[in-house]
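Basically my numbering = 1-based index in the sequence shown + 329.
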Amino acid sequence: MEELEKLVREKLSVADAGHDWWHAVRVRDNALKIAGTEGGNLKVIETAALVHDLVDEKLFDTEKARKELKAFLQESGLSPEDVSHVINIISYMSFSKELDGAGFDSLEFRIVQDADRLDAIGAIGIARTFSYGAHKGRPFYDPEIPFEEVTTKQDYRNRETPTINHFYEKLLLLKDMMKTPTGRKLAEERHLFMEQFLAQFFKEWNGE
Ligand code: NI
């Protein structure tokens, strides 16, 4: 685990603030918390949570990264079944993969995906979203650009809309996409906080 943490720290040192080492740590903590009530193979859950962004197409050459990670996990003493389980979990957990209808399923998959989605909403979700928008040089809001529903992965990737739109196009949808009862419960408070934030944002924007 120590070697694995070192690898994750090193690989994610190139990532933006929302996908850095501390994101990996928070997702691991969320995942272990959910697993506390939902069960599952803790080794697979913890490993997948820590490495989940090492194959992110926004950050890395996915195929190359997947091969490298697989070799690393095989050498770390994880069983071949656990290695392919981890690889499957992290290959299928993104929002865009789900829009695409691509699928993999296991209890461990649901837990790690919920854990990652929890970190995308609430106060931390808000901080990450504005941080990412700034990283991409996007305006945080432009009232002339309407919110749109995203229906395909292509659609989602080609979006260059302001940061506030991202709440309506993705973040507010995540609560109902949670896959474990515990994840759903944990998402509620964070969802509510985003709604309060947006209400206040527009109140101030409109000079009320
Ligand atoms: Ni993530």
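All residues carry an ideal CB built from backbone N, CA and C; glycine is no exception.
Span of the alpha helix (DSSP H) around residue i
i	result
MET523	510-534
ASN359	350-367
GLU489	Careful: GLU489 lies outside any alpha helix (DSSP H) and carries neither H nor E.
VAL441	436-447
HIS414	409-421
TYR461	451-464
ILE474	Looking at the DSSP string, ILE474 is not in any alpha helix (DSSP H), and its letter there is neither H nor E.
beta-carbon residue i near the ligand NI non-hydrogen atom, thresh 6 Å
i	result
ASP349	no
ASP358	no
Cβ shell of residue i (< 6 Å), same chain only, five flanking positions each side left out
i	result
ARG446	LEU503
GLY369	LEU436, GLU437, ILE440
ASP411	VAL373
Min CB distance residue i to chain B below 7 Å
i	result
LEU521	Among the chains of the structure shown, chain B does not appear; only one protein chain is present.
Cβ shell of residue i (< 7 Å), same chain only, five flanking positions each side left out
i	result
ILE474	THR490, PRO491, ASN494
Own chain residues within Cβ distance below 8 Å of residue i, not counting five before or after
i	result
SER460	ASP345, ALA346, GLY347
VAL343	LEU388
MET523	ILE450, GLY451, GLY454, ILE455, PHE496, LEU500, LEU501
Residues surrounding the ligand NI [beta-carbon distance to nearest heavy atom under 5 Å] = ASP382, ASP445
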